[in-house]
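To start, the structure itself, in structure tokens.
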DNA sequence: CGGATATTCACCCATGAGGGTGAATAAAGC
DNA sequence: GCTTTATTCACCCTCATGGGTGAATATCCG
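Protein chains in written order, with our numbering: chain D, 3 to 117; chain X, 3 to 117.
What follows is the structure in structure tokens.
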């Protein structure tokens, strides 16, 4: 945690904002795969898929091992930690807000009961 | 949870991928604010800030109440639920992977001890 | 060596994003 | 009614993105 610079949060969120790239990650969650294997699943060209993979690499979400002419891709979910952390901060805000609303309603209920 | 269509996940991730917009959300987490209030914090123009706010609105992360000429903005973190859910899925994959690595190391350790 | 396979490089194109400015609209306030 | 304030609309510019194609590179295999 916290081992990725702030700019990476931008790249991670940006990377996963694309449905094709999320699908690539889903594919790699099943098993490691070559660029061609990943590309064969999608209606877009091999070339475009290769570009998506590069975006995921820059976000640190995909690792590549070159073995001869084949590039073996694997999922690297650890950069998602900072993203999850960021989100949780706001979800906490949300539950706090609900809690104070609840407290308010409860207080009002008590006041009305008391009157 | 699950009450936002899939396209919203795109918009949410895309919206929070920009540091200015994350800063706007941080500002609104402190308190509700007008467009001008939010804009005054940033080095960019009021107009650009207004555009960022619109992006956040389309992602469902900001709500707007028009009161006369003032537009009061408030944080709406609930669309982050689906984003958090998506991320958690891959973090689970990550911990599963660690667990099986751990199991492998443990097994190998036992085997070596046994030999 | 020569051909097939895997991947990227170098482009082209259209669209959207993020920044800006100046004018328009709408509501307050004097 | 006129002016100020709050916000958006309508543009402009630049750069990145997502899609494509064709050629280059690198490796494997017969």
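For each residue, glycine too, the CB sits at the ideal point set by N, CA and C.
Nothing here was measured: the structure is a model prediction, and the numbers come from that model.
Quiz item: residue 65/X CB to nearest chain D CB: under 8 Å?
Solution: On the second chain, position 63 is the one that residue 65/X refers to. Not one chain D Cβ lies under 8 Å of residue 65/X.
Practice problem: Mind reading off the beta-carbon distance from residue 58/D to residue 17/D? Whole number of angstroms is fine, and I expect it under 8 Å. | Solution: Looking up residue 58/D in the first chain gives position 56. Looking up residue 17/D in the first chain gives position 15. 5 Å between Cβ atoms; contact.
Practice problem: Determine, using beta carbons only, whether residue 25/X comes closer than 8 Å to chain D. | Solution: In the second chain, the residue the question calls residue 25/X occupies position 23. Output row for residue 25/X: interface = no.
Practice problem: Tell me whether residue 64/D is buried or exposed, calling it buried when 16 or more other Cβ atoms sit within 10 Å of its Cβ. | Solution: Residue mapping note: residue 64/D aligns to position 62 of the first chain, counting from 1. The residue in question, residue 64/D, is buried, as its Cβ has 16 or more Cβ neighbours within 10 Å.
Practice problem: Pull up the distance between the alpha-carbon of residue 90/X and that of residue 12/X, whole angstroms please. | Solution: One-based indexing of the second chain puts residue 90/X at position 88. One-based indexing of the second chain puts residue 12/X at position 10. Residue 90/X and residue 12/X: Cα-Cα distance of roughly 16 Å.
Quiz item: Regarding residue 52/D and the ligand ZN, is the C-beta to nearest heavy atom distance less than 7 Å?
Solution: In the structure on display, the ligand ZN does not appear, and there are no ligands present to speak of.
Quiz item: How many Å lie between residue 75/X and residue 66/X at the Cα?
Solution: Sequence index remark: in the second chain, residue 75/X carries index 73 (1-based). Sequence index remark: in the second chain, residue 66/X carries index 64 (1-based). So the alpha carbons of these two residues sit roughly 5 Å apart.
Quiz item: Which whole runs of the beta strand (DSSP E) in the segment 12 to 72 of chain D are 3 residues long or more, in chain order?
Solution: 64 to 69
Exercise. Using a Cβ cut-off of 8 Å (strictly closer), state whether residue 77/D contacts chain X.
Key: By one-based count along the first chain, residue 77/D stands at place 75. Answer yes: the Cβ-Cβ gap between residue 77/D and chain X drops below 8 Å somewhere.
Exercise. List the whole-angstrom C-beta distance separating residue 23/D from residue 73/D, where the pair is believed to meet the contact cut-off of C-beta under 8 Å.
Key: On the first chain, position 21 is the one that residue 23/D refers to. On the first chain, position 71 is the one that residue 73/D refers to. The C-beta distance from residue 23/D to residue 73/D rounds to 17 Å, too long to meet the 8 Å contact threshold.
Quiz prompt | Coil, strand or helix - residue 76/X by DSSP | solution = Residue 76/X sits at position 74 when you count from the first residue of the second chain. Of the three classes helix, strand and coil, the one that applies to residue 76/X here is strand, per DSSP.
Exercise. Determine the chain D residues that contact residue 82/X at a beta-carbon separation under 8 Å, and present them in chain order.
Key: On the second chain, residue 82/X is found 80 positions in, with the first residue counted as 1. What residue 82/X touches in chain D: 89, 92, 93, 96.
Self-check item: Beta-carbon proximity of residue 29/D to residue 40/D, cut-off 8 Å
Solution: Position 27 of the first chain holds residue 29/D. Position 38 of the first chain holds residue 40/D. Against a cut-off of 8 Å, the Cβ pair of residue 40/D and residue 29/D comes out as a contact.
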